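Please read the structure below before turning to the comments.
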Amino acid sequence: MVAILIGGTQGLVALQEQPFGWEVWERTDEAWWGRRVYALANVASAGALLVGTDVGLLRSTDGGTTWTVVLEQMVRAIAADPRDPARFFAGTQPAAVWRSDDGGLTWRGLAGPGTAEERAAWHLPGDTPIETIPVARIAAFASDPRAPETVYAGVEIGGVWRSDDGGDSWRARVAGLPSLAIHALVPHPLEPETLFAATDTGVYRSVDGGESWADRGFDTGAGYTRALLALAPDGAEERPILLAGPAEVDLWGWDEEPDGARSGLFRSDDDGATWYHLGERHGLPDSFDGLISALAVDSDDAHTLWLGTWDGRVYVSRDRGEGWTQVAEDLGQVWCMLPLVER
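So the number in the working numbering is just where the residue sits in the sequence shown, counting from 1, plus 12.
Encoded structure:
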């Protein structure tokens, strides 16, 4: 039985596949009222779930029936270490990095990206009071199982940072990035030291471990990209697949109104050199009234992909993104997704 957890402005929601379609299950108990979910992770080694929310990091060992707060911070990103099943990283707002070496049970604060002086300068552009509110937060992590102890952090607003000692120290890696608003980081499935970043001006690629970045953007006029996914080749003759959801954005409109942005799903088979649009012929709208905010791949079936939007829709693909089916709507802003397989 296939299921997926969805986090967003409606808290924690689960979709479960049934013979008659998809069933939506929502947390309705008082503990979840008004809570926003920004990040999700599965601790397979401990049979636990981690949920990053606006009021703390929660952990459950009974499938979500009960929860324990294990970190009292606003958690915007969670990532597993691909080399150590017990090690996890959590990124917070304000921007700081925490690490757990026991499956998310206890957490230790790390030095984190940037000095205090650097972090104080991370603001939205502009001079009015609302534009100078510090908004820096850890939005994404990336790591490569071929590079022991190396982890990358994407800071919104603050750029890309790299650690080569498991997160104890960090160095900025922003050469070639015109924007410091990093929304997603994904490693190349085949090439060490190569990774991609989704920013508010498009997609960028680094082939030298973040030392320098080059534009791999779009010719459509859309640039603001929050969701990015890299898929390993499905055969010896194939190249990795990149999926991204760039949007034309009204900066002050998209946060509250779904029609403040118009976006579409794009695919690249050449590491972002060229992109083509996946629209109605593939089961998707030619243009979404809002951001494509989340993309995920099933950990047990690399052919099954998920897409979530900021107007509350969820789509599934069973063929690596060629065809899509809408399975839910009206779920609020979707921030993150965690596919699960129930046996």
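Glycine included, every Cβ here is placed at the ideal spot set by N, Cα and C. Since the model is a prediction, treat every value here as computed from it, not as a measurement.
- A Cβ-Cβ separation of about 6 Å places residue 222 in contact with residue 164 under the 8 Å criterion.
- Residue burial is scored here from C-beta neighbours: residue 88 has at least 16 other C-beta atoms within 10 angstroms and is therefore classed as buried.
- With contacts defined as CB atoms closer than 9 Å, residue 257 and residue 238 qualify as a contacting pair.
- DSSP places residue 293 within a helical segment (H, G or I) once states are collapsed to three.
- Exclusion of the five residues before and after residue 199 leaves 154, 156 and 207 as the residues of its chain whose Cβ lies within less than 6 Å of its Cβ.
- If you draw a 10 Å sphere on the C-beta of residue 53, you find 16 or more other C-beta atoms in it, and that means buried.
- Annotated as proximal: residue 217 and residue 283, with beta-carbon spacing under 9 Å.
- Ranking 202, 180, 167 and 176 by CA distance to the CA of residue 186 puts 167 first.
- Cα atoms of residue 149 and residue 170: separation of roughly 8 Å, rounded to the nearest angstrom.
- Residue 32: not part of any beta strand (DSSP E); DSSP gives it neither H nor E.
- Within the same chain, Cβ atoms closer than 8 Å to the Cβ of residue 118 are found at 82 and 112, the five residues on either side in sequence being excluded.
- Counting along the chain, the unbroken beta strand (DSSP E) around residue 241 starts and ends at 236-243.
- Residue pairing of residue 338 in beta bridges, as defined by DSSP: 327.
- In the DSSP assignment, residue 189 falls outside any beta strand (DSSP E), carrying neither H nor E.
- For residue 194, same chain residues with a beta-carbon under 8 Å away, outside a window of 5 residues either side, are 151, 152, 166, 167, 168, 170, 171, 172, 209, 210 and 211 in chain order.
- In the structure shown, residue 230 falls within a coil segment according to DSSP collapsed to helix, strand and coil.
- In this chain, residue 169 is not harboured by any beta strand (DSSP E), its DSSP state being neither H nor E.
- In the structure shown, residue 104 falls within a strand segment according to DSSP collapsed to helix, strand and coil.
- By the neighbour-count criterion, in which a residue is buried when 16 or more other Cβ atoms sit within 10 angstroms of its Cβ, residue 196 is buried.
- Residue burial is scored here from C-beta neighbours: residue 93 has at least 16 other C-beta atoms within 10 angstroms and is therefore classed as buried.
- When beta bridges are read from the DSSP output, residue 96 appears opposite 93.
- With respect to the 9 Å criterion, residue 76 and residue 61 are classified as neighbours on the basis of their beta carbons.
- Looking at the DSSP output, residue 318 shares a beta bridge with 308 and 328.
- Our two residues, residue 107 and residue 124, have alpha carbons roughly 7 Å apart in a direct line.
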